[in-house]
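To keep things clear, I will list the structure first and then write my remarks on it.
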Amino acid sequence: MEISTEASSSRPSNPLESSIHVTTSRTPTPRLSENFPSNIYSSVETEAARLRNVSQRVESAVAFEAHHLPVVKCTDTAHHRVSTPKSFEADALTTARWLLGARLVRVLPCGTRLSGKIVEVEAYLGPHDKGAHSYGGKRTPRLEPMFAAGGVAYIYHMHACSCLNVIASKEGDPVGVLIRALEPVEGTSIMLQNRLRARALRGKNKTNMGPVPLVADMNANEREKLLAELCAGPGRLCHALAVDHLMSGSDLVGGAQLFLERGEHVPASQLVVSPRIGIEYAGLWKEAPLRFSVLGNRHVSKPWPRAQDKKMRKRKKIS
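Note that full-length UniProt numbering numbers the sequence shown so that position 314 is 314, with each residue one more than the last.
This is how it looks when you write it as structure tokens:
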């Protein structure tokens, strides 16, 4: 293993602008606090105060990392398992930052490894976070894995897809990080075939669906397009890795079928922070800067088009 360090020689006057890319779904914005007028704070003071605190924590942590910590480059990262569950017992923000660049591995019953580099995650902060499943202290049999110790998988089923979360706190504290996108690394052909099968099953009678398309029959352009979006989204990556909600509760540290491995460090200059996707119901919390992704990576997911946008496109086609 070779480790080298590069320390910044000077700190710029505005570290956030030079070290962190903060975006919304449409236009860039430097700070979350600017999105909230003072009159909103007066009406929901407690919730807004929590959001301001979250924003400040994210900005401070990234700025500190960019200008005070050395960049550690590890060239020997292949198949290095996470050594202890304590790696995931800090909090959701710390775990989300650590997960970027790490590798998610699925070992099939035949022994074949499927894996991908994590390039996008979202943090969910527990009972006070309106975007979290555990909001308000909700606890059901389905949510039970959320209350386990850090490093356990919480996998839920939604819209014919499964979504994989990593529990990111101590036992009893339902805090987690959703893995939103992977850059495929191992077993790409099998992952592509899994995605083709999932697409064929979607919206069809599973007992009378006809033949599933084969990767071998695809031309180069079709294969390249499917590869780019193969794991771009929580449902897609679970399809590709053959992960479903029945695996919820799996140990991602010591497990044999589904686990995490250490990966390459993603420097702060390559970190994009933005609001989470698909939680319009979460009020002010939908604007919290809790989505973290790798700058310029083509495998990062994109927000689904709004219903109104879809209607406009249909009208243009008709006209």
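Virtual Cβ for every residue (Gly too), placed ideally from N, Cα, C. As the structure is a computational prediction, the values presented were derived from the model and not from experiment.
- Taking a C-beta distance under 8 Å as the contact criterion, F292 and A96 qualify as a contact pair.
- Here the alpha carbon of H157 sits roughly 6 Å from the alpha carbon of H245.
- Non-local beta-carbon contacts of L241 in its own chain, meaning distances under 6 Å to residues more than five positions away in sequence, involve R106, L114 in chain order.
- Residue range 271-274 is occupied by the beta strand (DSSP E) that includes S274.
- Counting along the chain, S115 sits inside the beta strand (DSSP E) bounded by residues 113-124.
- The stretch 220-227 and the stretch 159-176 do not touch, with fewer than 3 CB-CB distances between them shorter than 8 Å.
- Looking only at L201, R199, T188, P127, the smallest Cα-Cα distance to G136 is reached by P127.
- In the DSSP assignment, R223 falls within the alpha helix (DSSP H) that extends over 220-228.
- With respect to L164, C238 sits close: the two C-beta atoms are nearer than 8 Å.
- A Cβ-Cβ contact shorter than 8 Å links H299 with A232.
- Residues of the same chain with a CB within less than 7 Å of the CB of E186, apart from the 5 flanking positions on each side, are R113, L114, S115 in chain order.
- Boundaries of the alpha helix (DSSP H) around A92: 92-99.
- Per DSSP, the beta bridge partners of L178 are E122, N165.
- Taking a C-beta distance under 8 Å as the contact criterion, G283 and K130 qualify as a contact pair.
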